[in-house]
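Below is one structure, written out as structure tokens; the observations come after it.
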Amino acid sequence: MRSLVFHGPRSIGVEETPDPAPATGEVLLSIRATGICGSDLHGYTGENGRRHAGQVMGHETVGHVRGGDPDTLTAAGLSLGEAVTVNPVIGCLSCESCLDGAEQACPDRRVIGVDPTISSAFADFMVVPARNAVALPSGMPEEHGALVEPLAVGYHAARRGRCSPGEVVLVLGGGPIGQACVLAARRCGAERILVSEPDEHRAALVSALGADTIDPRAENVAESSKRLLGRPATLVLDAVGSSTTLGDALAASARAARVVLVGMNEPDVALSAYAISTAERELIGAFCYSRDDFASTASWAGTAGEYLDRLVDGRVGWDGAAGAFADLASGTSSASKVLVLPDDRGEQ
Ligand SMILES: [Zn+2]
Ligand SMILES: [Zn+2]
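Numbering (full-length UniProt numbering), first residue to last: 1 to 348.
Given below as structure tokens:
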């Protein structure tokens, strides 16, 4: 089969690699589409040291079930030919976090597309634990399955923030996670949603999702937010995660607001302790998604087609994959989400 192999900073290419074979408890998938994530790009440039030379990346994917022993398929409720997305987080299943359904916090978790020793999605085929293959609603446009993973990050953040009907929500950052936060806030019944995003292309995409936008370079986020939302935000989803955005979150939010930190732009931040204590705001962390939040996002995605269509703004085949990484990493392309589509080799 062909795989997109990462060789080191800014070097990636399509190569022949051995076909994977499913062990007991695993299923074989033929890959239909895999999204290029910001974390893949940071791996590609070398900024993210969690990607290693020689590995295959790819964790936002949709494929067809092509193999697996019958008992495994039956136990997982999967059938051959079925379209599935993949929860890339593989927990140990025995620690306290895993037993809580929070495999994203498992100290021994392995992540598809990150761990170089496990099968990953920028390939014609991959094998995954059967329980990580999540069936998609029938009739859903296939490539929307590749969006479930980032959408689940936004949904988990909104759930961590206890987003509920009538909420007035400020989202900081309009990239793929910010977009996922917008859709999640709407899914949870938010009354108004405003996004702070400096990039024009991303702001236009977020507007198409039905949110108002402001440019944090051109206006005071707290003032514009209060004006456009009609009042201070009751929930802020920070999809950037910097001292600047957390400062905006505190300045723009109401007393007792919840501020969810889901972006991971800066490992250390400075913020006003008094803005948290005196106004009794809550600062809440969100990371990846729980098993349930991933599964429920896969089901919900079948109802959100009109919005999900807007999230994909580029598609390349194997011959365009390396170029797409180069263009996205250099900023030549301002695309928000590009999908790599292997051609139909291996499909019957
Ligand atoms: Zn991702
Ligand atoms: Zn565990």
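Heads up, the beta-carbon is just placed ideally off N, CA and C, and yes, glycines get one too.
Residue 302 beta carbon less than 8 Å from that of residue 137:
Counted from its first residue, the sequence shown places residue 137 at position 137. Counted from its first residue, the sequence shown places residue 302 at position 302. Yes, the pair counts as a contact, with Cβ atoms nearer than the cut-off.
Open item on the list: I'd like to check one pair, residue 27 with residue 130: are the Cβ atoms closer than 8 Å?
Closed with: The sequence position of residue 130 within the sequence shown is 130, counting from 1. The sequence position of residue 27 within the sequence shown is 27, counting from 1. Contact flag set, yes.
Q. The beta strand (DSSP E) with residue 255 in it runs from where to where?
A. Locating residue 255 in the sequence shown gives position 255, counting from the first residue. 253-261 is the span of the beta strand (DSSP E), which, as asked, contains residue 255.
Query - Whole-angstrom distance between residue 175 and residue 123, CA atom to CA atom - result: What you label residue 123 is simply residue 123 of the sequence shown in a count that begins at 1. What you label residue 175 is simply residue 175 of the sequence shown in a count that begins at 1. If you take the alpha carbons of residue 123 and residue 175, they lie about 25 Å apart.
**Asked** Per DSSP, which one or two residues make a beta bridge with residue 209?
**Response** As a first step, residue 209 is located in the sequence shown; it is residue number 209 there, counting from the start. According to DSSP, which records beta bridges pairwise, residue 209 is partnered with nothing at all.
Exercise. Would you say the beta carbon of residue 100 comes nearer than 7 Å to a heavy atom of ligand 2?
Worked result: Translated into the one-based positions of the sequence shown, residue 100 becomes position 100. Because no heavy atom of ligand 2 lies under 7 Å away, the Cβ of residue 100 does not count as near it: no.
Among residues of its own chain, excluding the 5 on either side of residue 336, which ones have a beta-carbon nearer than 8 Å to its beta-carbon?
One-based indexing of the sequence shown puts residue 336 at position 336. If we look at residue 336 and ignore the five residues flanking it on each side, its Cβ neighbours are 175, 176, 179, 201, 202, 205, 311, 313.
Could you check if residue 293 is buried or exposed, using at least 16 other CB atoms within 10 Å of its CB as the buried criterion?
Indexing the sequence shown from 1 puts residue 293 at position 293. By the neighbour-count rule (16 or more Cβ atoms within 10 Å), residue 293 is buried.
If we count the other Cβ atoms within 10 Å of its Cβ and call it buried at 16 or more, is residue 345 buried or exposed? The residue given as residue 345 occupies position 345 in the sequence shown. Residue placement at residue 345 cannot be trusted, given a pLDDT of 45 that sits under 50; the coordinates are not used to answer.
Ordered list of alpha helix (DSSP H) runs contained in the segment 143-183, each at least 4 residues
148-160
How about residue 50 and residue 114: do their beta carbons lie closer than 8 Å?
The residue labelled residue 50 in the question sits at position 50 within the sequence shown. The residue labelled residue 114 in the question sits at position 114 within the sequence shown. For residue 50 and residue 114, yes; Cβs fall inside 8 Å.
task = Please confirm whether any heavy atom of ligand 1 lies closer than 7 Å to the CB of residue 336.
result = Here residue 336 is taken as the residue at index 336 of the sequence shown, counted from 1. Residue 336: no, Cβ never under 7 Å from ligand 1.
**Item:** Closest by C-alpha distance to residue 289, when choosing among 101, 188, 277
**Value:** Position 289 of the sequence shown, counting from 1, holds the residue named residue 289. Of the candidates 101, 188, 277, the one whose C-alpha sits nearest the C-alpha of residue 289 is 101.
* **From 281, 110, 280, 86, residue whose alpha carbon lies closest to that of residue 134** => For the purposes of this step, residue 134 is taken as the residue at position 134 of the sequence shown. Nearest option by C-alpha distance: 86.
* So what's residue 228 in DSSP terms, helix, strand or just coil? -> Within the sequence shown, the letter at position 228 stands for residue 228. Correct three-state label for residue 228: helix.
If you follow the beta strand (DSSP E) that residue 138 is in, where does it begin and where does it stop? Taking the first residue of the sequence shown as 1, we reach residue 138 at position 138. It is not in any beta strand (DSSP E) - residue 138 carries neither H nor E in the DSSP assignment.
Residue range of the alpha helix (DSSP H) that includes residue 190: Reading the sequence shown from its first residue, position 190 is the one you call residue 190. Residue 190 -> no alpha helix (DSSP H), and no H or E assigned at all.
Exercise for the section: With a 10 Å radius around its C-beta and 16 neighbouring C-beta atoms as the bar for buried, classify residue 264 as buried or exposed. Expected result: For the purposes of this step, residue 264 is taken as residue 264 along the sequence shown, with counting starting at 1. Result: exposed.
message = Suppose only complete runs of 4+ residues qualify. What are the alpha helix (DSSP H) ranges in the UniProt domain "Alcohol dehydrogenase-like N-terminal" (25-137), listed by chain order?
response = 38-45, 70-76, 96-99
Original post:
In or out: residue 334 buried (at least 16 other Cβ within 10 Å) or exposed?
Top reply: Counting from one through the sequence shown, the residue named residue 334 turns up at place 334. Counting Cβ neighbours within 10 Å, residue 334 comes out exposed, since fewer than 16 surround it.
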